[in-house]
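These notes concern the structure reproduced below.
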Amino acid sequence: MRFAFDLTEPDERQSPSPPPSNSLAFGSTEPNGRQSPTPSPSHLLAFDSTKPNRRQSPTPSPSNSTTKAELQWFPLQNHPLFSSATASAPSPASAERVPPNLMAWDGASRLYFWDLNKKCLHRISIRLGEPDPASILAVFPSKVLQAKMPLSFEVNKISINRDGSAMLLVGLEGLRVMHLYGHSSPEENTIICRTVSIGSEIYFNRNNFIRILQISWHPYSDTHLGILSSDSVFRIFDLSADLGQPEQEYYLQPVEPGSSRNAAAICPVDFSFGMDHLWDRFSVFILFSDGSTYIICPVVPFGSSDYPFLLNSMYLWESILEMYNDAHTFGLKSANPKAVNNSNMAISWLEATFPELVHQAGDGGKLLAVKARPFVLLDASVSLQGPLHKVCHGVTEDSEVRTGLCEGRAVSFLYNLVGKDSILVTAWSGGQLQLDALADEIHPVWKTGSPPRLCVDSSEQILGAAMICESAQNDRSILKIDQTPYHTVWLGHPPPLLRLAIVDLALPNKSKSAISMFADPLVPERIFCVHTGGIDSIVLHFLPFTNQNTGKEGQMRSPSVFSVLSTFPGDSSSPSPLNGFLALADSFGSSWIVGLTSSNDCIVLQMETWNVLLTDVIDRLTENVVSDELKETETDIPTVISKELLSGPKAVLLPPSAPNLRSVTADSIEGRSMLHQYFKLFHENYVEYAHKVYFELQHHGPHLKRIIDNQHSRFTKMEQKLLEVESKQEKIDDRMDQAVRFHNSIEERLLKLRQLPGSHKSHFPKQREISKVEKMSSYSETQKFEIETLLRSVLYIANLEIGTHESAVSPLLCMKVGSLAEFVPYKFTGLELDALNSTIEALRARLKRHTQLTQANSPNQRSQKPGRRGSKVQDDVFELKSSLAKLTLINTENSKKVKLVESALKSREISD
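Residue numbers (my numbering): 1209 to 2120.
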């Protein structure tokens, strides 16, 4: 293969410079009255080669701005822009090669449509889900974006970049990028936009025949394009640098030179960038015409070093750190030297592309996203990993493709990330879809000894690179189902595929079917397939890694296929292919698809999102019911009558009759011959059909009887269950009535409590102290009797002691008398109360007098000598003290009982 790569230094005439800042606001007023947002500097670098000059910026004329009063809102399908009078279809040759798509959506509120007649781009402001969730409103008149230089080719595909600042215009004879923010035109609602050509010297030179097979924006950059061409070269262009030369070139060689493989089988047909999952984000999946899939990894956009403020090639720091730790954990610690070598190369590439990894111990924890730096290994080129084979039981080839289940050749490819599963969908010209999932993770692989060609600037900054990507023959390892993939990690083997299903769309004209696929932006499990017969929806129900991670492991289930839109007007008519397709979604969970027919009619369909994945549950329930019925019945007897009998007897074709048939009598030879012929036809059709029906019904009689008996038994069981439910319902009603009555009684008690005095003061009244009268009233009869007995005994002993031995009354007795006297006014009544009061008063007077005499005679008592009278007094005092001690113990016990009673009463009051 001839390796020609020459990156020149940026020329001043080709080097773009930002246009004037005030040239962006002319004539770009939206329906809401606000001006279009000013694009970021990344949008201005590649689309304007003139230096800033404010005198070149015209002022918008008053007639060019449409006021709110002039704006009208129509349903999108009834928009005046979409009418059959302005219909114009792409050329059949371009439609057969590349499926046309003349519509684009910026992901927010702007829809773009390329007009084939006027060769301009219409920008339509839309409102999703208004006035009802099933409709979309569009404003009229729309903005017209006219190219400054008329296009010399027919556009059959448009595509918008990530931030909605540039539109890609693709045709068989040309490729342009239109800057969507330009300056106003004298014509009303018209904006003049700059267009630039990409790779014109490579693809559209008269001296070569290189065709563009597929082109796509890079998902992590606003200014990078990926182009796959018929010369088996994958190129990446940077719109902020040289537009004529690619930034990166990868020459694909899936077969080693000198092999005897068919040359048509090594032709690439389609490619797709990976998404946000480990090394998938640095991978490019390439499909060849024989259905084989290859991977080149790592591939990262470089970007221009002259504009470091561009937010291109930005990746999440956590994702980069996860890959870096994975290489250290599973690669460097492996016992295989090949795995250690591959992981070392990957770590070197990561550290050079993302220098923050070297300083991750410092400020790495504060980062949210990092930007990739241009870097290429100097002594190795990226390897072409593949072809990807499926996981099997020891078989080393794709049996489905070998046996001819997929007809024709591969025509298109789709990579879709669903949860933790990387889904690969391959479309064949025979109308089949091959759905696979990666059974292992992707790892970067280089081939040493094949250095790339680099183009650097004066500061040794990489501006471009070109390399040959060869497929190694010794890396085609097949992973078996019963084999763990841990021993193959970082060995350079391509990841195996897990075959999910092969879907046959049953398309007419299979050899000329152009198929394109799109993923639903809201439900990633749903894939839309656009073909000549209309639009089909494929819903995945089995995701191996996602189901395993969420705990929904089950048996492998085939996907569901639904026909969303059919473009066949009739069985005998030719199909009417679509010229445009969009899948729209909003933040409220609603989804729509928009189609553009060849007659320029717009179709809007609302797609259900909440019940998409319920089919799996319904199928499981149906399977359980069917399996239960099959267990009870014989499987060898068919459950339905054959379709031949249900369709009825065949139509009878009467033989041609002679003109004089009416004049023939039945007894004549001619009449008998005709009657015999008619009877024979009747017998062949109706009588034989009646015999078949009779035999079929007789054969199905026992089977139908078993089915009816089974239904009757199930009906009986259901009746029993209903009776049980009714009996339980009665018990529940009784319990409910009891609960209602109890609730009513509680309400009545609350009403009575609210009527008590003092309840109106506050909801939480302050707890007051209980008086002695209330304390005495709260005592039980036994406690009251004990208190009375104790009081009487103390008063009697005190009276006896004071009356006989006034000089020997102890102070403890005085204290007891004083404390017990407090109970007297609150317990005794009548004469007994007067007697007790007088006794207590006398005791108090005697105690007072005794206290005075004791204090006056205390010196004399000390001087007296003990005698016979003193010893007797001491004996009496000792007996009195022992009695008082006993009474004290009794009083202490009674006090404890009183406290227990009071605590019980308080707890009861709180509970009430």
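Glycine residues also receive a C-beta, built at the ideal position from the N, C-alpha and C atoms. All of these numbers come straight from a predicted model, not from anything done at the bench.
In angstroms, rounded to a whole number, what distance separates the CA positions of residue i and residue j?
i	j	result
ARG1943	PRO1965	36 Å
TRP1425	LEU1289	28 Å
ALA1233	ILE1801	Residue placement at ALA1233 is poorly supported in this model, since its pLDDT is 34, which falls under 50; the coordinates are not used for a value here.
TRP1654	SER1589	5 Å
PRO1595	PRO1462	8 Å
GLU2117	GLY1797	58 Å
TYR1502	LYS1913	59 Å
ILE1399	SER1807	27 Å
ASN1397	SER1556	54 Å
THR1431	LEU1792	24 Å
LEU1558	TYR1459	23 Å
ALA1674	PRO1732	35 Å
LEU1959	VAL2109	28 Å
GLY1803	HIS1907	51 Å
ASN1755	ASN1533	25 Å
PHE1445	VAL1812	35 Å
GLN1919	GLU1938	29 Å
LEU2113	LYS2107	10 Å
ASN1549	VAL1385	42 Å
ILE1670	LEU1284	48 Å
LEU1773	LYS1925	45 Å
GLY1539	PRO1702	16 Å
SER1367	GLY1337	24 Å
ASN1415	GLU1381	14 Å
GLN1814	LEU1383	33 Å
HIS1520	TYR1428	Before going further, note that residue 1520 is Asn rather than His in the sequence given. Taking the straight line from one Cα to the other gives about 6 Å.
LEU1905	LYS1936	45 Å
ASP2083	SER2111	42 Å
LEU1486	PHE1479	19 Å
LEU1705	ALA1312	32 Å
VAL1441	ILE1494	11 Å
THR1775	LEU1883	50 Å
LEU1625	ALA1645	10 Å
Would you call residue i buried or exposed, if buried means 16 or more other Cβ atoms sit within 10 Å of its Cβ?
i	result
GLU1455	buried
LYS1365	buried
LYS2104	exposed
GLN1640	buried
ARG1734	buried
ASN1309	buried
THR2096	exposed
ILE1916	exposed
GLY1511	buried
LEU1622	buried
VAL1738	buried
TYR1886	exposed
LYS1356	exposed
VAL1347	buried
ARG1402	buried
Using a Cβ-Cβ cut-off of 7 Å (strictly less than) and excluding sequence neighbours within five positions of residue i, which residues of its own chain qualify?
i	result
SER1438	ILE1418, ARG1419 and LEU1421
ALA1709	LEU1643, SER1766 and PRO1767
ILE1410	ILE1418
TRP1183	Lying outside 1209 to 2120, the shown extent of the chain, residue 1183 is not represented and no answer is given.
PRO1729	ALA1791 and ALA1793
PHE1750	LEU1708, MET1764 and ARG1765
LEU1329	TYR1320, TRP1322, LEU1353, MET1375 and MET1386
By Cβ distance below 8 Å, which residues in the same chain neighbour residue i in space, the five residues on each side in sequence not counted?
i	result
THR1873	GLY1879
VAL1664	ILE1670 and LEU1671
Less than 8 Å between the CB atoms is what I'm expecting for residue i and residue j, so what's the real figure, rounded?
i	j	result
LEU1359	LEU1377	7 Å
PHE1496	PRO1476	5 Å
ALA1618	THR1634	5 Å
Kindly list the residues whose CB is nearer than 6 Å to the CB of residue i, restricted to its own chain and excluding five residues on each side of it in sequence; keep chain order.
i	result
PHE1753	LYS1628 and ASP1629
SER2115	none
Check the Cβ-Cβ distances between residue i and every residue of chain B, and say whether any is below 8 Å.
i	result
ILE1555	The chain inventory of the structure shown lacks chain B, comprising one protein chain alone.
Q) Which parts of the region 1400-1460 are runs of the beta strand (DSSP E), unbroken and 3 residues or longer, counting only runs that do not cross its ends? A) 1403-1405, 1420-1425, 1432-1437 and 1441-1446
**Q.** Residue ranges of each alpha helix (DSSP H) within the region 1302-1347, 4 or longer
**A.** none
(Q) Quick check for students: name the residue ranges of the beta strand (DSSP E) that lie wholly in the region 1610-1692, counting only runs of 3 or more. (A) 1618-1626, 1629-1636, 1640-1646, 1654-1656, 1661-1664 and 1670-1678
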